[in-house]
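Chains as they are written, first to last, in this note's numbering: chain S, 1 to 163; chain H, 1001 to 1576. Here a beta-carbon is modelled for each residue, glycine too, at the ideal position from N, C-alpha and C. Note that this is a predicted model, so its numbers are computed, not measured.
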C-alpha cells in the first residue's frame, strides 16, 4: 500500500542523508521525497511516499523515529489528509497540437507559464494521480521534459504536526 | 580560555573518561598534543585502529561504561569501521573521535581525507561533525549521553583539524544539563501492558524466559534472576545474554539458537508462553520464522520499539528499560492473588528434565571422549575448572566461540565478551585487552582459534607495553573450523580455502618474540597440568596453543534452511 510519511526533523547538515540512508540500508522503497525548512528555521519538513504492507510501514516509522534528528513524524495516510504535487512539463505545441494542448491544460486547471512558437511549458498541481492522468492525456510523443516535485501532504482539520 | 583540542580533552575529563584507546596521525595531532599536556585521561596506544575500537568495546562490555576511541582521519577512521560496526550490532556504548582534515579542505580529496560521517552512517547510533571549536563541549556531552542511554550504541564525533587549533582559544564551560528535543528514550514500560503480561505469565502452563544482551546492558540481571526464581520458570540466554542468568542454576537450560542446547531449543519450540527480555529474535535464534514456537504467546520487553515485532510478532509488546519493567512485574507478582499453575509447571519441568537427560550437554559428554586427540570441549571445561568459573572470557569468532558459550557456564553478567551480532574475527584479543585494563585482579582470558587470533595478533605488542597478563587459549584445529563444518555439512566436504596448516607460525616462538610465554599442548593427559601452569603465571601473557581434534563439529546445530527450533543435528549422524 502507498503511504505518505511526513517527518519533522532538525534542520541540520546530514539529517537528510540519514533519512535517505535508512531507506536504502533497510531495503525500503522511496517513491517520492520532498524536503524544505519550515517557518521555524531550525526544523525541516520532509515528506516521503513509500510502498509497503502494515508490518513494513511500522518498521519504517519506528526506525525513522529512532534517528536522533527526527523530532516527530506522522503517517498521513492513516487519517484524512490532503496531498499535492507540482509538475512542470514541457510539451511540443505546434500546428493543430497547440490548441489541443491548451484545452487539455484548461481541463486539468493547469497554467501555461512559458511559451515559444513550438513549445509550451505547463505548471500543474494536484494529487499524483491527477498529474499521471495529465501526462497520459498529453501523450509521450508530445512530451519533451517532465519535472515533478514529489508529494507534499498535510492532515485535514485541526490536526497539526508541530513541536 | 582553551583551544578546541584542550576543550575536547577537558570535556572527556568532565565525562569521567579514564582511558582512550587510539592511534595518532596527522589530522589528530592537535588533539594528541592536548593529551600530552594533561594527565587525567590516559591514552592507550594500540597497534591498529580496529583494535582500538575492539579494546574500547571490551572495556565497555566488562565495565558497563562508555568506551572511548581516538583515531586520525582517512585510514585511521576507516580502520575503525569494523569495530564500530561490531559495537553497533551488539548495542555497545562507545564514542569514537576521529580527526578530520581542516574544514576548508573538506571535499577537495585532501591527504588522508575520508567522509567519516558518511562512511560510518549506517553503523552508528548518531554522528557529529564539529563545525566550530566552541561547539565541542556540547557535542561531547551529547555524544556520551546518546551513546549510553536508550538502546546504547556507538557515536562518531568527526573533528576537523582547524577546530582544535592550539592558536585559537575560547572560554570553556561544560554544559551541566542537556536537552535533545528529538531524543527521548523510553524509560518506564506501559503499566497496562505490564499488568497484562503478569497475568499471562501466571496462566502459562509451559513458560520460557528468553533473555538477551539487553538484560546485561540494562543492568537487570539481578531482577531477571529474582523474577525467574520467584516463578520457578525455565530460563534460556542468547549468545549475547550469557551471564544474565547464573549459568549453573538448575533453572537454566543453556544457550538457545543455532548452537543452543537440545533442551533450550526444544523447550522453546513446545512452550506456550515466551517472556522475551532484552532479546531481539535474531535469525540465529529463531531459525525459520514461520515455524518459530508455533504454540507460544509472546511478551516482548525491549527498550527499542523497532526491535519489537521486527521478525516475530509480539502479543504483548512492552517498550521500556528492562530493569524498570522487571521490577514493576516483580511488584505485581508479590501482590498477585494468583500463583503459577503448580501441576502444569511440574509436568513441564519433568518434560524438560527428560530432554536434558536425553541429549543435554551437561548430563554427560555428547562428544567422543575415547580418542587420543584433545577435544575442544574438554579444553573449555578445563579452563572453567582451573579459573573456578570466575574469569572474564573474551572470545573470537568461530567454533571455539560456540564451545566457550556451551561449556563455560557464566555466573554473572559482563563475564562473557563476544561479537555476537557482527561475528567479527579478530575481536577477541583486543577486547580481552580492554577488559584487562579495567580488571587488573581478575583472570582475563581470550578464547580463540589459530584463524581468528591472526586477525589482530599485533596487539600482543600492546599487551607487552602495558603489562596486561591476558591468557590466550587457542583451540588450534589447523583450519577455519566453522567454515569447515559448514563445508562438511552442506558442501560434501569440499574444503574450499580453509587450510593453511603448513604456513601457521610457531606460536610459541612468536610469543617469545613479543616477550610472552607460549605453551604448546598436544597430549590429552597434559592439558590440565599445562592449563594450571598457564594460570599460575599471574603477571605474564601466556598463549596456550592447544592442538584439538580437527574433525570435530559444534553440536547441537539447528537444521537450516527450513527447520524449526526443534530441528537439530545432534552429531554428524544423528538428528532430531
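- Leaving aside the five residues that flank residue 1423 of chain H on each side, the residues in its chain whose CB is nearer than 6 Å to its CB run, in chain order, 1397.
- Your pair residue 1128 of chain H and residue 1158 of chain H checks out as a contact, with CB atoms roughly 7 Å apart and the cut at 8 Å.
- The three-state reading of DSSP puts residue 153 of chain S in strand, counting E and B together.
- For residue 1097 of chain H, the closest alpha carbon among the candidates H:1238, H:1032 and H:1468 is that of H:1032.
- Taking C-beta atoms under 8 Å as the contact rule, residue 84 of chain S and residue 126 of chain S qualify, at a distance of about 7 Å.
- The continuous stretches of beta strand (DSSP E) do not include residue 1454 of chain H, and DSSP gives it neither H nor E.
- Listed along chain H are 1121, each with a C-beta nearer than 7 Å to that of residue 18 of chain S.
- For residue 1183 of chain H, the nearest CB of chain S lies under 7 Å from its own CB, placing it at the interface with that chain.
- Annotation for residue 126 of chain S: the continuous beta strand (DSSP E) segment containing it runs 119–126.
- Every beta strand (DSSP E) of 3 residues or more that sits fully in the segment 1368–1437 of chain H is shown, in chain order, as 1392–1395.
- Taking 7 Å as the cut-off, the beta carbon of residue 1329 of chain H is found closer than this to the beta carbon of residue 1194 of chain H.
- Under DSSP, residue 1005 of chain H takes part in no beta bridge, so it has no partner.
- The criterion of a C-beta distance shorter than 7 Å is satisfied by residue 1227 of chain H and residue 1326 of chain H.
- The C-beta separation of residue 1267 of chain H from residue 1208 of chain H comes to about 6 Å, placing the pair in contact by the 8 Å criterion.
- In the DSSP annotation of this structure, residue 1231 of chain H is not part of any beta strand (DSSP E); the continuous alpha helix (DSSP H) holding it starts and ends at 1221–1231.
- Judged by beta-carbon spacing, residue 1259 of chain H lies within the 7 Å limit of residue 1554 of chain H, meaning their Cβ atoms are closer than that value.
- The beta carbon of residue 71 of chain S falls within 7 Å of a beta carbon belonging to chain H, placing the residue at that interface.
- Of all residues in the segment 116–135 of chain S, none comes within less than 7 Å of chain H when Cβ atoms are compared.
- The residue from H:1197, H:1046 and H:1162 with its alpha-carbon nearest to that of residue 1030 of chain H is H:1162.
- Relative to the Cα of residue 1125 of chain H, the nearest Cα in the group H:1176, H:1183 and H:1077 belongs to H:1183.
- In this structure, DSSP gives residue 1128 of chain H an extended state, which the three-state scheme calls strand.
- Just measuring C-alpha positions, the residue of H:1307, H:1120 and H:1269 sitting nearest residue 1290 of chain H is H:1269.
- Residue 1446 of chain H has its alpha-carbon roughly 26 Å from the corresponding atom of residue 1283 of chain H.
- The segment 1087–1128 of chain H contains, as complete beta strand (DSSP E) runs of 3+ residues, the segments 1094–1100 (chain order).
- CA-CA distance, residue 1559 of chain H to residue 1507 of chain H, rounds to 36 Å.
- Counting of Cβ neighbours within 10 angstroms places residue 13 of chain S among the exposed residues, the total staying below 16.
- When 7 Å is used as the limit between beta carbons, residue 78 of chain S is near no residue of chain H, the shortest such separation being about 17 Å.
- Taking CB atoms only, residue 11 of chain S has no neighbour in chain H less than 7 Å away.
- Close CB contacts of residue 1263 of chain H within its chain, under the 8 Å cut and outside five residues either way in sequence, are with 1253, 1254, 1352, 1355, 1356, 1359 and 1360 (chain order).
- Taking 7 Å as the upper bound on Cβ-Cβ separation, chain S lies near no residue of the segment 1276–1301 of chain H.
- Against chain S, a Cβ distance below 9 Å from residue 1126 of chain H picks out 18, 67, 68 and 69.
- Looking at the DSSP output, residue 3 of chain S shares a beta bridge with S:50.
- Straight through space, the alpha carbons of residue 34 of chain S and residue 1299 of chain H are spaced by roughly 38 Å.
- Taking 7 Å as the cut-off, the beta carbon of residue 1072 of chain H is found closer than this to the beta carbon of residue 1025 of chain H.
- Per DSSP, reduced to three states, the secondary structure at residue 11 of chain S is coil, with no helix or strand assignment.
- Contact note: residue 1554 of chain H does not reach chain S at a C-beta cutoff of 7 Å; the least C-beta distance is about 31 Å.
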